[in-house]
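The next block holds one structure in the form of structure tokens; read it before the comments.
If you want it as structure tokens, here you go:
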């Protein structure tokens, strides 16, 4: 019956002669032979990391506890906007059991620890959380069903075209592609024919990357790691503009750039994403073969149901991709990837935020990063403060959504300026 439905759907979209029918057959076969079995395969349970000792878990909880600006909103958002009356003690234990113990299985041995955390939350809420279990479900990313949508063969043809165009632009801007072993060529779909043409081999086992040679005598090279989406295509103009020459640059040489590709979050059918340790090891391996300088950073995604047009766009085209969904639901463990501002206290770091970001509450992030400056000052100085580049700094774009800073040359120019200033410093 599934075959009939798939074939009927395909034929309905492609009415016509024999060629159109064959096209519909191909789409139906792709659904049945690729998407459906892979969807089932990707639903397998996550392999959670071993929980840390109770002392470390308590310290992690306390650190989170101290950075909750709105306790009631915090709790209801994690419980998918359920009424507070339905979020009871056992429900909160389910959430803490996942968040700090890396499990969904109840255990009387850990009940005392969970009660300790609940008492702390009650102090923030200034109320008692009722005993029992209410009609509320919490968001437990690595335990929940992997939420994905079907992508047709036509979709992957479009990905192939975009990937090919991006590769052409990167070659035009003097980037060389570094492939992995040719034995891994068929493990990425859509296939990447230019992999067969490059003479350069990545020193990493699974990560591919694009490299522009560093010839500057005085400036530092750049490591670039893209985010969730379609790979490096949205960032090509930014990477190119980093090397727009001025009079000083011509005599000094060019900035070297290593742009790492993460296929698992780039709308491809491929293997599972690396864990944080393996990822850093492979990136270190790449850097070690080119330059002794390294900067690493991760941004944590947040999932919620879309309501606005731009949210539906991101929901469908990014977060519901098979690879992206599996990475977020089965390979992303928040306690391993969280970055605290204390971790970068003595480093030069610039965080770029958009005022209309649909994923992150950027005003709260800004407040956390800048300390005591109020986020309620809509026209306040904290939004207009000039970038200094010393220590932890923030670039604020009040009218931009998530990732839109890369769309226009005027906004990209500010990012380019920041990176070039960092590269010029020792």
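Residue numbers (the numbering used here): 9 to 434.
Every residue, glycine too, gets a C-beta built ideally from N, C-alpha and C.
Among the options, which one has its Cα closest to the Cα of residue i?
i, options, result
"residue 129", "73, 374, 91, 239", "73"
"residue 170", "228, 220, 244", "244"
"residue 34", "429, 162, 340, 281", "162"
"residue 140", "152, 93, 164", "93"
"residue 174", "406, 251, 238", "238"
"residue 176", "376, 191, 206", "206"
"residue 371", "165, 402, 36", "402"
Near residue i, which residues of its chain fall below 6 Å by C-beta distance, leaving aside the five closest residues on each side in sequence?
i, result
"residue 248", "181"
"residue 364", "409"
"residue 157", "328"
"residue 184", "208, 219"
Note down, in chain order, each residue of its chain lying with its Cβ closer than 8 Å to the Cβ of residue i, except the 5 sequence neighbours on either side.
i, result
"residue 210", "186, 187, 188, 216, 217, 294"
"residue 118", "105, 109"
"residue 427", "230, 250"
"residue 331", "271, 272, 273, 274, 275, 276, 277, 278, 281"
"residue 50", "154, 156, 330, 333, 334, 338"
For residue i and residue j, what's the separation of their Cα atoms in angstroms?
i, j, result
"residue 81", "residue 91", "11 Å"
"residue 146", "residue 223", "52 Å"
"residue 110", "residue 343", "10 Å"
"residue 421", "residue 361", "15 Å"
"residue 84", "residue 95", "8 Å"
"residue 112", "residue 151", "7 Å"
"residue 213", "residue 290", "7 Å"
"residue 407", "residue 366", "12 Å"
"residue 430", "residue 41", "49 Å"
"residue 394", "residue 227", "24 Å"
"residue 301", "residue 65", "Because residue 301 sits at a pLDDT of 47, beneath the cut-off of 50, its placement in the model cannot be relied upon, and the point is left open."
"residue 416", "residue 138", "51 Å"
"residue 269", "residue 252", "23 Å"
"residue 192", "residue 203", "10 Å"
"residue 121", "residue 97", "13 Å"
"residue 88", "residue 144", "8 Å"
Give the C-beta separation of residue i and residue j to the nearest angstrom, bearing in mind that I take them to be a contact with Cβ-Cβ under 8 Å.
i, j, result
"residue 149", "residue 414", "Their Cβ separation, rounded to whole angstroms, is 27 Å, which puts residue 149 and residue 414 out of contact at 8 Å."
"residue 264", "residue 229", "4 Å"
"residue 168", "residue 198", "4 Å"
"residue 38", "residue 160", "7 Å"
"residue 423", "residue 232", "Actually they are not in contact, since the Cβ atoms of residue 423 and residue 232 sit about 11 Å apart, beyond 8 Å."
Looking at the ligand MG, does it come within less than 8 Å of residue i, judged from the CB to the closest heavy atom?
i, result
"residue 395", "Ligands in the displayed structure: none, and consequently the ligand MG is not present."
Could you give the first and the last residue of the continuous beta strand (DSSP E) run that contains residue i?
i, result
"residue 292", "Premise fails: residue 292 lies in the alpha helix (DSSP H), 284 to 296, not in any beta strand (DSSP E)."
"residue 152", "Where residue 152 is concerned, there is no enclosing beta strand (DSSP E), given that its DSSP letter is neither H nor E."
What residue range does the alpha helix (DSSP H) around residue i cover?
i, result
"residue 64", "62 to 73"
"residue 430", "417 to 432"
Who are the near neighbours of residue i in its chain, counting only those whose CB is closer than 7 Å to its CB and skipping five residues on each side?
i, result
"residue 16", "Residue placement at residue 16 cannot be trusted, given a pLDDT of 43 that sits under 50; the coordinates are not used to answer."
"residue 225", "260, 261"
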